[in-house]
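J.:
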Amino acid sequence: MPESVPDTELIARAAQIRLQAYAPYSGFLVGAALRGGSGEIYTGVNVENIAYPEGTCAEAGAIAALCAAGGRQIRAIAIIADAPEPVAPCGGCRQKIAEFAAPDLVVTMATTSGAICQLPLQALLPAAFGRSHFAPPQRGGDEG
Numbered sequence: 001m002p003e004s005v006p007d008t009e010l011i012a013r014a015a016q017i018r019l020q021a022y023a024p025y026s027g028f029l030v031g032a033a034l035r036g037g038s039g040e041i042y043t044g045v046n047v048e049n050i051a052y053p054e055g056t057c058a059e060a061g062a063i064a065a066l067c068a069a070g071g072r073q074i075r076a077i078a079i080i081a082d083a084p085e086p087v088a089p090c091g092g093c094r095q096k097i098a099e100f101a102a103p104d105l106v107v108t109m110a111t112t113s114g115a116i117c118q119l120p121l122q123a124l125l126p127a128a129f130g131r132s133h134f135a136p137p138q139r140g141g142d143e144g
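In full-length UniProt numbering, the protein residues as written are 1 to 144.
(1) So, are the CB atoms of Pro84 and Met109 less than 7 Å apart?
(2) Of all the beta strand (DSSP E) runs that stay within the bounds of the UniProt domain "CMP/dCMP-type deaminase" (5-132), which reach a length of 3 or more residues?
(3) Thr112 to Pro136, Cα distance in whole Å?
(4) Going by the beta-carbon positions, is the gap between Val47 and Ile17 smaller than 7 Å?
(5) Quick one: is Glu40 buried, meaning 16 or more other Cβ sit within 10 Å of its Cβ, or exposed?
(6) How should Leu19 be labelled, buried or exposed, when 16 other C-beta atoms within 10 angstroms of its C-beta is the threshold for buried?
(7) Can you find the residues in the same chain that come closer than 8 Å, C-beta to C-beta, to Ile11, ignoring five residues on each side of it along the sequence?
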């Protein structure tokens with residue numbers, strides 16, 4: 001795998017927004033920042049809920065911000081958490097990232113203490129489900 005230079009601006013923005021996370025139950029704050037197709041940056045934080053499965057991941061929040069602004073492509077993404085090692089996106093977020101990923105997207109995972117791990121999305125989500133798995137719609141003969 002060719003080495004990728006970490007996007008220090010994305011890491012810094014993810015670290016900054018991480019402090020706004022809402023995690024009163026776990027105390028595990030996560031921030032994400034992504035660079036859209038035109039270079040703009042969108043951020044997100046994890047938002048916990050007393051009904052634990054109903055929380056939102058930081059990556060999902062950043063993707064929602066991208067979509068709300070009309071964006072449809074992720075050129076780069078960074079995720080940061082205060083953990084001993086960089087934390088990878090959960091399975092659901094890997095699939096969400098894949099939906100908008102530019103070709104050859106590299107995911108940057110970082111810790112607040114400065115450790116960085118970069119992996120191509122394909123390594124995080126091999127054999128991803130995607131649009132190519134859908135057959136073209138079949139047209140009936142009599143649609144009248």
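In this text, a Cβ means the ideal position worked out from N, Cα and C, and glycines have one as well.
Since the structure is predicted, the reported quantities are computational estimates derived from the model, not experimental observations.
T.: Based on what the coordinates show:
(1) Taking 7 Å as the Cβ cut-off, Pro84 and Met109 do not qualify as a contacting pair.
(2) Listed in chain order, they are 30-36, 41-45, 74-81, 106-111, 116-120.
(3) Rounded to whole angstroms, Thr112 to Pro136 spans 46 Å at the Cα level.
(4) Going by C-beta atoms, Val47 is not nearer than 7 Å to Ile17.
(5) Exposed is the label assigned to Glu40, since fewer than 16 other Cβ atoms lie within 10 Å of its Cβ.
(6) Under this definition Leu19 is an exposed residue.
(7) Here the set comprises Ala33, Ala78, Ile80, Thr108, Ala110, Ile116.
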